[in-house]
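Heads up: the structure comes next, in structure tokens.
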Amino acid sequence: MNKIENRTYDETYYEEVLANGLDVVVWHKPDYTTTSCIFAAPYGSLDMDQKDDQGNAYHFPSGIAHFLEHKLFESDHGDVMSDFSRMGANVNAFTSFQETCYYFDTAAGDIREPLNLLLDFVQDLSITDASVEKEKGIINQELAMYLQMPDSRMMFETFRSMYRNHPLKYDIGGCEQTVNSITKPLLEQCYAINYHPANMMCVIVTPADPDEVMAIVRENQAKKTFGSAHKVKRFCEPEPLEVVKEVCEIPMDVSETKACVGIKIPVIAESDEMRVSRDWAAKMTLDSWFSSMNPQYQTWLDRKLITPYFSYEEDFGRDYSLMLFYDEAQDPEAFRQFVIEQLDACLQAEIRTEDLDLMKKRAIGSNLHLFNAPSDISVAFFRNRMNGVSLFENFRIIEDLTPESCAALMRSLDVSRRTLTIIRKG
Amino acid sequence: MAENVCLHVHPNDQFKDVSINVEFMSPLVREERAGRLVLSLMLQDVCAQYPTKLEASRAFDELYGATLSMSDEPKGKADIFECSCTAADQRFLKEKDILKRQFELIGSFLLHPLASGERFSPELFEENRQKAVTMVRMALDQPMSYAADHAATLYGGYYADRNMPTEEELKTLTNVDTMKLYRDILEHAAVDIFVLGHVSLKDCAEAVRTYLPFADRRADHDMIYLSSRSGFDEQKETRPIGQSYLVLLYDTQRNYLDPLEPALMLGNGILGALPTSFLFQEVREKRSLCYTIGSENSVYEGILKISTAMEAKNTDLARQLIEEQIRKMKTGAFDDEMLETARRMYINSWRSSMDHVKSILWDDYRGVILKDSGSIADMIRRFEGVKKEEIMAAFSRMELKTAYLLAQEEAHE
Chain W
187 MNKIENRTYD ETYYEEVLAN GLDVVVWHKP DYTTTSCIFA APYGSLDMDQ
237 KDDQGNAYHF PSGIAHFLEH KLFESDHGDV MSDFSRMGAN VNAFTSFQET
287 CYYFDTAAGD IREPLNLLLD FVQDLSITDA SVEKEKGIIN QELAMYLQMP
337 DSRMMFETFR SMYRNHPLKY DIGGCEQTVN SITKPLLEQC YAINYHPANM
387 MCVIVTPADP DEVMAIVREN QAKKTFGSAH KVKRFCEPEP LEVVKEVCEI
437 PMDVSETKAC VGIKIPVIAE SDEMRVSRDW AAKMTLDSWF SSMNPQYQTW
487 LDRKLITPYF SYEEDFGRDY SLMLFYDEAQ DPEAFRQFVI EQLDACLQAE
537 IRTEDLDLMK KRAIGSNLHL FNAPSDISVA FFRNRMNGVS LFENFRIIED
587 LTPESCAALM RSLDVSRRTL TIIRKG
Chain B
5 MAENVCLHVH PNDQFKDVSI NVEFMSPLVR EERAGRLVLS LMLQDVCAQY
55 PTKLEASRAF DELYGATLSM SDEPKGKADI FECSCTAADQ RFLKEKDILK
105 RQFELIGSFL LHPLASGERF SPELFEENRQ KAVTMVRMAL DQPMSYAADH
155 AATLYGGYYA DRNMPTEEEL KTLTNVDTMK LYRDILEHAA VDIFVLGHVS
205 LKDCAEAVRT YLPFADRRAD HDMIYLSSRS GFDEQKETRP IGQSYLVLLY
255 DTQRNYLDPL EPALMLGNGI LGALPTSFLF QEVREKRSLC YTIGSENSVY
305 EGILKISTAM EAKNTDLARQ LIEEQIRKMK TGAFDDEMLE TARRMYINSW
355 RSSMDHVKSI LWDDYRGVIL KDSGSIADMI RRFEGVKKEE IMAAFSRMEL
405 KTAYLLAQEE AHE
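These protein sequences, in sequence, are chains W and B.
All residue numbers for the first sequence refer to our numbering, where the first residue is 187 and numbers rise by one.
All residue numbers for the second sequence refer to our numbering, where the first residue is 5 and numbers rise by one.
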């Protein structure tokens, strides 16, 4: 078990890769009462098509990662949620584009029982044809609920307009048709490929003795046998540079018109560290230009080019790169024009040193804040590790950014392919 | 610090930042809801010392990304205006005057707004009034929020007064009235200042005297009350949406101060607040009627809310099932295991709240408002003693008062 200390933030964690390949992290928070634990697979909604190291290809319907998340809560003797509740522990899970995370938190002193249960239920898929059929009704109601939320619908439609082949075009939960096509054998195959311990990570943030906690995980895993790990990777059909639809308008029962400009950026093949640096450079560059840090920001509000609800984000994944700008825009076309003009200007400019220093100060405060919440630590640690750059390396990347390096990383971006999504009363 | 102005310092080395809340408690008045919303947006935006968003943003970033928020939230029959500021703990920084600067920042934004005479800056007022209008529209565009809002209106009383302001109320709001409201809050509301983090009472008291010099005031407001609505009302509305939303409101006839409240809380866990609950199991898991269903116990009002979303064709069945589960609570048709599960969950949840800044600060404030010291430990002891008969007794007077259904239009076609 390796001990890793960070003196700047006064945080300590321990890490061990077990014999079966499971990566276990015990983050010690002696002043806390709560233990928060995640057991996670880097398997999300985007991983519909996969190839293993033998050259075998696998195709799954959209929404299968989310469906699997629902079904893992079922065990031979009933419902796992009830078992956690009997221990006084809160359990839940979420599926995103990139990952599926199962987690619990508890303030009970002894964590042996819930920790063993988390490891056991995620490593045991017990489903029947009937239970798979029953789940479809619940999931379809969940999807209907999200489709009724204007912001969530706008994001979904934006991705559909941007991508022809990339699985970003599908909702995380899939759609009624794909959900209804999912079967027990498909779920079992998907599970076998993606839930091997060597592909997963367990992060436990706890006040308990790290040696004892690691021993619980070791003992639990030693009792189980697993076949050899599938080394699988997501496979995507080549994505054309062009967007699918330049404009998409969706009528909904809303009072405010919403608009989102999606920028589809060609993927640059580069190391994870360089990609994460580029992502941070983009975030800092956008923050310096499109937020109240820009002296023009108030003018934009006064001239109603944007509203106070204007926002933006960037995401540089391994197989996609994008920026999104959204607002409650009464004139979506004018909003698109505003984004295009300002983004072009933004990418030509260089962040002022004093602004970058302020954003670095902000990042220090934000990092400190992260360490207050055990559940935030566990998720952030897992996500950063899967993204190829550790949590603390991320902090170092931010510290190393300069106005020149940000500008260099931004100027190479091609932001000429755009979509406009409009949610309008109809 | 002055009459009805109190400083409460909660030294704590657990967290890596320092949180300061300034709470103003006044009686809940419906006519003030619009002004309070706009006020909260304006005061956190800019101030006399930092008159532009650019300057305000820099001031926060200089304090390592400190956050400052103003909010207004009715609880029971009180309206609580809150200024909340969190900044990095100076133990982890080279600069050592962060706490003083944090208080200074709060003082600047809270006590020295961008205003002249009897008015806030007209541009600031208009911008934030429009922002509030959009905020209300956006919230009501969410069908579940719309249904909850309309269910509360149907219920009436203080419970309806808690709703967000209407567009009409916001549009008729004047700058001068908002300034009067601001001064009224500053001069007459009971003030409680809470500081949580690695701090000393001496440093905090000195900073409060310098940057938050509130004068004496007479204030004796109650927060908690017991709602008791007469009769039953039902309302159905149709809209072109993808699901139907059902909200049921019950009078529990018990609030936080009732000796049976811990039993009611655990009973609520058995009924609909936990994944093991009757509602979750019977409506969602066994029959797949919905994805979301739950019950929520408003402890400062004595109202229990059940809400769910599903296909229109299933709402009648869901309602029957909900009534059936309420009957089980009244007649004690639940087993000891369900009670023990709820007991463990609630005890752990309250224990866990000691690791959350917001929960600690609210627990401290609730103790002050209800004159109830050590409330987390006390409540855990009370949960430990709850018996099945007490849960039945806690539910015995529960009565459905309003039922609101926001239905899909398709149901009528």
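Glycine residues also receive a C-beta, built at the ideal position from the N, C-alpha and C atoms.
All figures in this text were calculated on a predicted structure; none of them were measured in a lab.
Check	Outcome
Terminal residues of the continuous beta strand (DSSP E) containing N301(B)?	294-302
Can you list, in chain order, the residues of its chain with a C-beta nearer than 6 Å to that of R504(W)? Leave out the 5 residues immediately preceding and following it.	none
Taking I550(W) as the query, report the chain B residues whose CB atoms sit under 9 Å from its CB, ordered along the chain.	Y68, G69, A92, F96, L97
With a 10 Å radius around its C-beta and 16 neighbouring C-beta atoms as the bar for buried, classify K362(B) as buried or exposed.	exposed
I want to verify the contact list: residues of chain B whose CB lies under 8 Å from the CB of K212(W), in sequence order.	First, the residue type needs correcting, since residue 212(W) is Val and not Lys in the sequence shown. Residues of chain B passing the Cβ test: none, with the nearest at roughly 17 Å.
What residue does the beta strand (DSSP E) around A227(W) start on, and which one ends it?	221-227
Taking the alpha-carbon positions, what's the N326(W) to T369(W) distance?	15 Å
What's the C-alpha gap between A415(B) and I245(B)?	Bear in mind that a pLDDT of 41 at A415(B), under 50, signals an unreliable position, so the number given afterwards is only what the model happens to contain. Cα to Cα, the separation comes out at about 11 Å.
Taking just the CA atoms, how far does Y512(W) sit from R489(W)?	17 Å
In chain W, which residues lie less than 7 Å from T345(B) when you measure between Cβ atoms?	S271, R272
Going by alpha carbons, who is nearest to Y186(B) out of G336(B), R258(B), P279(B), L43(B)?	L43(B)
Quick one: is R258(B) buried, meaning 16 or more other Cβ sit within 10 Å of its Cβ, or exposed?	buried
Looking at C-alpha atoms only, which residue of E405(W), I379(W), Y349(W) is the closest neighbour of N432(W)?	Sequence check: residue 432(W) is Glu here, not Asn. Closest option to E432(W), Cα to Cα, is Y349(W).
Ordered along the chain, which non-local residues of its own chain (more than five positions away) have a Cβ less than 7 Å from that of T344(W)?	C446, G448, L510, T605, T607
Taking the beta strand (DSSP E) that T392(W) falls in, what are its first and last residues?	387-392
Hey, out of A559(W), L544(W), K320(W), whose CA is closest to I162(W)'s CA?	Lying before the first or after the last residue shown, residue 162(W) is absent from chain W, which here runs from 187 to 612.
Let's see if you can read the secondary structure: which residues bound the beta strand (DSSP E) around F280(W)?	276-281
Going straight from the alpha carbon of E405(W) to that of M479(W), what length do you get?	53 Å
Since I believe M273(W) is in contact with T292(W) (beta carbons under 8 Å), could you give me their beta-carbon distance rounded to a whole number of angstroms?	7 Å
For a quick check, are the C-beta atoms of L529(W) and C592(W) less than 9 Å apart?	no
Please decide whether R385(B) counts as near chain W, where near means a Cβ-Cβ distance under 9 Å.	no
Quick check on S413(W): does DSSP put it in helix, strand or coil?	The sequence shown places Gly at residue 413(W), rather than the Ser named in the question. Coil at G413(W), not helix or strand.
Could you tell me the distance, in whole angstroms, from the CA atom of E417(B) to the CA atom of T242(B)?	At E417(B) the pLDDT is 33, less than 50, meaning the model places this residue with poor confidence; the figure from the coordinates comes in the next sentence. Rounded to the nearest angstrom, the two C-alpha atoms are 11 Å apart.
Which runs of the beta strand (DSSP E), 3 residues or longer, sit entirely within the segment 219-299 of chain B?	237-243, 248-255
Any heavy atom of the ligand PLP closer than 8 Å to the CB of E7(B)?	As presented, the structure is devoid of all ligands, the ligand PLP included, so that no description of it is given.
Hey, does I310(B) have any beta-carbon neighbour from chain W nearer than 9 Å?	no
So, helix, strand or coil for V403(W), using DSSP?	helix
For N167(B), return the contacting residues in chain W, with the cut-off set at a CB-CB distance below 7 Å.	Within chain W, no residue comes near N167(B); the closest Cβ sits about 16 Å away, beyond 7 Å.
Using a C-beta to C-beta distance shorter than 8 Å, which residues of chain D count as neighbours of S61(B)?	In the displayed structure, chain D is absent; the protein chains listed are W and B.
Please compile the residues from chain B whose C-beta is within a distance smaller than 8 Å of the C-beta of H320(W).	Per the sequence shown, the amino acid found at residue 320(W) is Lys instead of His. Within chain B, the residues near K320(W) are S292.
Quick one, are the C-beta atoms of L404(B) and T319(B) less than 9 Å apart?	no
Using Cβ-Cβ distances below 7 Å, what residues of the segment 244-264 of chain B are close to chain W?	P244, I245, G246, Q247
CB-CB under 6 Å to T280(B), same chain, minus the five flanking residues each way: which ones, in chain order?	T345
Would you mind reading off the limits of the alpha helix (DSSP H) that contains I250(W)?	250-258
Of all Cβ atoms in chain B, is any one closer than 9 Å to the Cβ of Y349(W)?	no
Which same chain residues end up closer than 6 Å to G249(W) when comparing Cβ atoms and leaving out the 5 residues on each side of it in sequence?	G359, G360, T364, V365
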